[in-house]
Amino acid sequence: MALLLLPEPYDFAVSTERYRAFGPDLANLWHEGGLHRAIGGREVRIETAPGGVDVSPLDAEIEPVVLHYLGGPFDLGAFSAFAETDPPLARLVHRLRGLRPPLNPTPFETLVTSITAQQVSLQSAFAVRNRLIERFGERAEHAWAFPTEERIARASEDELAALGFSRRKAEYVVGLARAGIDWVELATLPDDEVKARLVAIRGLGEWTADWFLARHLGRPRAWPAGDLGLWRALAEHYLEGIRPTIPETRAFGARFAPFENLSAHYLLASLYTVA
DNA sequence: TACCAGGTAAAAA
DNA sequence: TTTTTACATGGT
475 MALLLLPEPY DFAVSTERYR AFGPDLANLW HEGGLHRAIG GREVRIETAP
525 GGVDVSPLDA EIEPVVLHYL GGPFDLGAFS AFAETDPPLA RLVHRLRGLR
575 PPLNPTPFET LVTSITAQQV SLQSAFAVRN RLIERFGERA EHAWAFPTEE
625 RIARASEDEL AALGFSRRKA EYVVGLARAG IDWVELATLP DDEVKARLVA
675 IRGLGEWTAD WFLARHLGRP RAWPAGDLGL WRALAEHYLE GIRPTIPETR
725 AFGARFAPFE NLSAHYLLAS LYTVA
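Numbering (my numbering), first residue to last: 475 to 749.
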């Protein structure tokens, strides 16, 4: 076990609430007060510690992955200063003090997770996703490694449909696994080009592409204007209960530039994090 | 029971 | 070109 420092303030429990709020997540598993995840086939446990987190095991392979996983790239200091100029956002930053949004470590997992969450409630999305993980993933100790692209490429649409995927979503997921995307090259492209590449793939719309920028690549300007949860949060904190349309939400994002991604995360977290 | 839930593609108009 | 529909599960 070794200490991994994160810039203060950092609140591990608040930051990881989204892995618990909608039911258990087998790939990001909360167990005995710590977060467990398979990294390179090994189970890694992360728990809160003064000044950061305790990580076990921790070595040169795991450290950069965990740092990214815990949202290390986000510039929270600059964001907090920016938020002070916007009263509703300032309230959220104070209420959710120490929230550093986690980032999803792997691109294929990020996109498949988004596909499972398209249109349905997050509770049901987690249920279907957990069945996919148990069927095609590898269990480490407690947590499971998410199914690999190679394994899903060999699966059939019927097998996915049997797990609760719609016919359409089963096609999306298997097709994505078989597409042979160059993830390393994709990550080098600017936001607009990443979106254009992703949206060209069947089953990946603008909402899914925006969340990929936000939750995998951690791009500061990502703003998922098609997200129902974001509409609800904007309605609650800015629009007197009226849910905005997609164009209205997209336009509203300018208010948070250049911190759209962190703003979206704080807005969404306000919906499910208890004070 | 019917309806809503962190969308998307394809059919119909 | 724009609008409408099908989709599968889980909670209420």
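Cβ coordinates follow ideal geometry from the N, Cα and C atoms, glycine included.
Open item on the list: Measuring only the C-alpha atoms, how far is A501 from E608?
Closed with: 10 Å
- [ ] Tell me whether T719 sits in a helix, a strand or coil according to DSSP, three-state version.
- [x] coil
Task: Three-state class that DSSP yields for V539 in the structure shown - done: helix
Open item on the list: According to DSSP, simplified to helix, strand and coil, what is G545?
Closed with: Three-state result, G545: coil.
Task: 8 Å contact criterion, which L678 and L672 should meet: CB distance rounded - done: 5 Å
Open item on the list: Just to confirm the assignment, what range does the beta strand (DSSP E) spanning I513 have?
Closed with: G508 to I513
Open item on the list: According to DSSP, is G703 part of a helix, a strand, or is it coil?
Closed with: helix
TODO: Can you have a look at T747 and say buried or exposed, based on whether 16 or more other CB atoms are within 10 angstroms of its CB?
DONE: buried
Task: Reduced DSSP secondary structure (H/G/I, E/B, other) of W697 - done: Residue state, collapsed to three classes: coil.
Task: CA-to-CA distance, T682 to G545, given in whole angstroms - done: 19 Å
Open item on the list: For D499, tell me which candidate among L566, F553 and A601 has the shortest Cα-Cα distance.
Closed with: Measuring from the Cα of D499, the nearest candidate turns out to be A601.
Task: Of the listed residues T723, V488 and L478, nearest to A743 (C-alpha basis) - done: V488
Open item on the list: For a test of the three-state rule: what should DSSP assign to R731, helix, strand or coil?
Closed with: Sequence inspection shows Ala at residue 731; the Arg mentioned does not correspond to that position. Coil.
- [ ] For D701, count neighbouring Cβ atoms within 10 angstroms of its own Cβ and tell me buried if that reaches 16, exposed if not.
- [x] buried
Open item on the list: Using only the alpha-carbon positions, how far apart do E667 and D656 sit?
Closed with: 14 Å
- [ ] Could you tell me the distance, in whole angstroms, from the CA atom of G572 to the CA atom of G526?
- [x] In a straight line, the C-alpha of G572 is about 11 Å away from that of G526.
TODO: May I have the straight-line CA-CA distance separating G611 from H510, to the nearest angstrom?
DONE: 15 Å
Open item on the list: Using a 10 Å radius around the Cβ and a threshold of 16 neighbouring Cβ atoms, would you call L634 buried or exposed?
Closed with: buried
Open item on the list: Do R519 and G508 count as a contact pair if the criterion is CB distance below 7 Å?
Closed with: yes
Task: Opposing strand residues paired with G526 [DSSP bridges] - done: L479 and A523
Open item on the list: My output table needs one value for R652: the three-state DSSP class, helix, strand or coil.
Closed with: helix
Task: R641 (DSSP reduced to helix, strand or coil) - done: helix
Task: N604 beta carbon near the ligand FAD (any heavy atom closer than 6 Å) - done: Summarising the ligand content, the structure contains no ligands, and the ligand FAD is consequently not present.
- [ ] Mind checking who L570 pairs with in its DSSP beta bridge?
- [x] DSSP lists no partner for L570.
Task: Pair within 7 Å by beta-carbon distance, T522 and F486 - done: yes
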